[in-house]
C-alpha cells in the first residue's frame with residue numbers, strides 16, 4: 006500500500022508551517038502524519054513546533070530540497086514509513102525549493118505517491134519578492150492549490166494586485182484565501198485528480214533550471230529566561246531588506262512565546278502547552294553573516310530577568 010504525500014511550498018515566511026499545524030489541530034481524532042522538513046541552519050524552530058504537535062519530523066537541513074539535497078529525500082521518507090507507518094507524509098520545502106524536481110524524485114519511490122502540491126502566497130510581502138525571485142514565480146505556476154495567506158494584513162487594492170499577479174502566472178489552479186493561516190484539512194489533503202496528474206508527469210518535461218538566491222543563516226540558543234522587550238528591540242533593529250525571516254521560540258517570564266519576523270513585521274504569540282529544554286532563534290536573509298556577532302552579543306544581554 007502506497008503512502009500519500011502532500012508537498013507544501015512558498016516563499017520564506019509565507020505561513021506554511023502555521024497552515025499545516027492549524028490543519029492538524031482541527032482533527033477530532035488523532036492522526037498519524039509525518040513530516041519531511043527542509044530547514045536552513047542548525048536551529049530548527051519549525052521542527053520543534055511540529056514535534057510539540059505530536060508530528061513525527063525528519064529534518065533535511067542546509068540546502069535546497071529540490072537540488073543538492075534531493076537524493077536525501079527518499080531515504081528519509083522510507084525511514085519514516087518503516088518507523089512510523091504514517092497515514093500521510095507532509096513535505097515542507099524551504100522557501101527557495103521548486104516542486105518539480107521533488108515530484109520527479111518521489112516518482113522513483115514505489116512506497117509513495119503525490120496527491121497534492123500546495124503553494125502558500127504571502128499577500129503582505131509578495132510584491133517584494135515577485136520581481137526578483139524566479140522561485141516565487143515558479144512556485145505559483147506548478148501547483149494544485151494556491152493559498153493566499155495574510156489577507157487581513159493588506160487592503161483590498163493590494164489584495165487585488167496579488168490576485169492579478171498570481172492569475173497571470175497560473176489562471177487555472179484553484180485558489181483560496183485565509184487571514185490567519187487556518188484552512189480545513191479536507192481542503193489540503195487528498196486533492197482531486199492530483200494523484201493521476203503527477204503520476205503522469207514525464208521526467209523529460211521541459212523545466213527551466215534556476216540559480217539559487219544567496220541565502221545566509223545563523224542561529225542563537227540559550228537555556229536562560231529571556232526578556233521580551235529586549236529581544237523585541239534586537240529583532241526590530243534587524244534590517245528588513247537583509248533579514249527576510251526571523252523565527253524563535255523563547256522562554257520568557259510569562260512562559261514560552263513564539264516570535265515571528267517577516268520582512269520587518271514582528272509578531273509575538275503565547276505557546277501555553279509548549280515544552281523544550283532551551284530557547285532558539287533562527288535568522289535568514291541575504292548578507293546577514295556580517296552582523297551575526299553583533300546580533301548575538303545583544304541577544305545575550307536579553308538573558309536574565
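Numbering (the numbering used here), first residue to last: 6 to 310. We put the beta carbon where it would ideally sit given N, CA and C, even for glycine.
Outcome for residue i when other beta-carbon atoms lying within 10 angstroms are tallied against a minimum of 16
| i | result |
| --- | --- |
| residue 197 | exposed |
| residue 305 | exposed |
| residue 215 | Since pLDDT at residue 215 reaches only 48, below the 50 mark, its modelled position is unreliable, and the value read off the structure follows with that caveat. Result: buried. |
| residue 211 | Per-residue confidence for residue 211 stands at a pLDDT of 48, beneath the threshold of 50, marking its modelled position as unreliable; the derived number appears in the next sentence. Residue 211 is exposed by the Cβ-count criterion. |
| residue 50 | buried |
| residue 299 | exposed |
| residue 6 | exposed |
| residue 285 | buried |
| residue 209 | Model confidence at residue 209 stands at a pLDDT of 47, short of 50, so the residue's coordinates are unreliable and nothing is read from them. |
| residue 99 | buried |
| residue 272 | exposed |
| residue 14 | buried |
| residue 165 | exposed |
| residue 137 | Because residue 137 carries a pLDDT of 45, less than 50, the predicted location of this residue cannot be relied on, and the following value inherits that uncertainty. Answer is exposed; the Cβ neighbour count stays below 16. |
| residue 262 | buried |
| residue 309 | exposed |
| residue 102 | buried |
Opening and closing residue of the beta strand (DSSP E) in which residue i lies
| i | result |
| --- | --- |
| residue 272 | 270 to 275 |
| residue 9 | 8 to 15 |
| residue 89 | No beta strand (DSSP E) holds residue 89; the alpha helix (DSSP H) holding it covers 78 to 89. |
| residue 233 | Where residue 233 is concerned, there is no enclosing beta strand (DSSP E), although the alpha helix (DSSP H) it sits in stretches over 233 to 242. |
| residue 183 | Counting along the chain, residue 183 falls outside any beta strand (DSSP E), and DSSP gives it neither H nor E. |
| residue 206 | Unbroken run through residue 206: none, as it is neither H nor E. |
| residue 220 | It is not in any beta strand (DSSP E) - residue 220 carries neither H nor E in the DSSP assignment. |
| residue 36 | No beta strand (DSSP E) holds residue 36; DSSP gives it neither H nor E. |
Check whether residue i and residue j have beta carbons under 8 Å apart
| i | j | result |
| --- | --- | --- |
| residue 82 | residue 57 | no |
| residue 97 | residue 22 | yes |
| residue 119 | residue 12 | yes |
| residue 93 | residue 9 | yes |
| residue 38 | residue 91 | yes |
| residue 124 | residue 151 | yes |
| residue 229 | residue 185 | no |
| residue 260 | residue 277 | yes |
| residue 31 | residue 189 | yes |
| residue 88 | residue 281 | no |
| residue 270 | residue 129 | yes |
| residue 153 | residue 167 | yes |
| residue 19 | residue 127 | yes |
| residue 220 | residue 252 | no |
| residue 239 | residue 307 | yes |
| residue 121 | residue 199 | yes |
| residue 3 | residue 231 | Outside the modelled stretch of the chain, which goes from 6 to 310, sits residue 3, for which no answer is possible. |
Presumed contact (8 Å Cβ cut-off) between residue i and residue j, rounded CB distance
| i | j | result |
| --- | --- | --- |
| residue 55 | residue 42 | 7 Å |
| residue 224 | residue 248 | Contact flag wrong, Cβ pair sits at about 13 Å. |
| residue 206 | residue 112 | 7 Å |
Start-to-end residues for the alpha helix (DSSP H) that takes in residue i
| i | result |
| --- | --- |
| residue 285 | Note, residue 285: premise wrong, no alpha helix (DSSP H); beta strand (DSSP E) at 284 to 290. |
| residue 29 | 21 to 30 |
| residue 308 | Unbroken run through residue 308: none, as it is neither H nor E. |
| residue 164 | 161 to 174 |
| residue 112 | 104 to 112 |
| residue 191 | 190 to 193 |
Those residues which DSSP pairs with residue i across a bridge
| i | result |
| --- | --- |
| residue 130 | Residue 130 pairs with nothing; no bridge assigned. |
| residue 200 | Partner(s): none; residue 200 has no beta bridge. |
| residue 118 | 9 |
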